[in-house]
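Engineer:
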Amino acid sequence: MSALPPCPQCSSEYTYQDGALLVCPECAHEWSAGETAESAETDKVIRDSVGNPLQDGDTVTVIKDLKVKGSSLVVKVGTKVKNIRLVDGDHDIDCKIDGIGAMKLKSEFVKKA
Ligand SMILES: [Zn+2]
């Protein structure tokens, strides 16, 4: 219950929920929880190098040679990567590459195939 927003009218932190409404015990202000709740549903769209939105399961092509961290392997430009999985972070694509194994890529270095 600590996640309730403070009262928009008097900034009291002692708000409580009453059904679909939030109630402030200090100024008796009532408001709907949806009005102040931030839209946490906004999914971040991950796009490839040319702006195509990417989805889990997509096949992408690597657009530049990428060194694999901690090894001498290089993912060559033009490598096809199947069945990508989008993740949060600096490297936003989780995938498995033939001959290399599981690794993470940056969406800016791939193009949807
Ligand atoms: Zn209030």
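Going by my numbering, the sequence shown opens with residue 11, and the numbers climb by one from there. Note that CB positions come from ideal geometry on N, CA and C, so glycine has one too.
#1: Give the DSSP-derived three-state secondary structure of Ala112 in the structure shown.
#2: Tell me whether Gln27, by its Cβ, gets closer than 6 angstroms to a heavy atom of ligand 1.
#3: Go through its chain and collect everything with a Cβ distance to Leu31's Cβ below 8 angstroms, but skip five positions before and after it.
#4: With H, G and I counted as helix, E and B as strand and the rest as coil, what does DSSP make of Glu118?
#5: Among residues of its own chain, excluding the 5 on either side of Arg95, which ones have a beta-carbon nearer than 6 angstroms to its beta-carbon?
#6: Alpha carbon to alpha carbon, how far is Ser81 from Gly99? Give it in angstroms, no decimals.
#7: How would you label Ala47, buried or exposed, when you count the other beta carbons within 10 angstroms and need 16 or more for buried?
#8: Relative to the C-alpha of Gly111, which candidate in Ile56, Leu64, Val84 and Ser59 has its C-alpha closest?
#9: Use the C-beta contact count for Asp28: other C-beta atoms within 10 angstroms, 16 or more gives buried, fewer gives exposed.
#10: Give every residue whose Cβ lies closer than 6 angstroms to any heavy atom of ligand 1, listed in chain order.
Structural biologist: Per the coordinate set shown:
#1: Assignment of Ala112 by DSSP, reduced to helix, strand and coil, places it in the strand class.
#2: No - ligand 1 has no heavy atom lying nearer than 6 angstroms to the Cβ of Gln27.
#3: Once the five neighbours on either side are set aside, the close Cβ partners of Leu31 are Glu40, Trp41, Ser42 and Ala43.
#4: It is helical.
#5: Excluding sequence neighbours, Arg95 sits near Asp66 and Asp104.
#6: Going from the Cα of Gly99 to the Cα of Ser81 covers about 21 angstroms.
#7: Because Ala47 carries a pLDDT of 49, less than 50, the predicted location of this residue cannot be relied on, and the following value inherits that uncertainty. The residue in question, Ala47, is exposed, as its Cβ has fewer than 16 Cβ neighbours within 10 Å.
#8: Closest option to Gly111, Cα to Cα, is Val84.
#9: Flag for Asp28 reads exposed.
#10: Any residue whose Cβ sits closer than 6 angstroms to a heavy atom of ligand 1 makes the list: Cys17, Gln19, Cys20, Ser22, Cys34, Glu36, Cys37 and His39.
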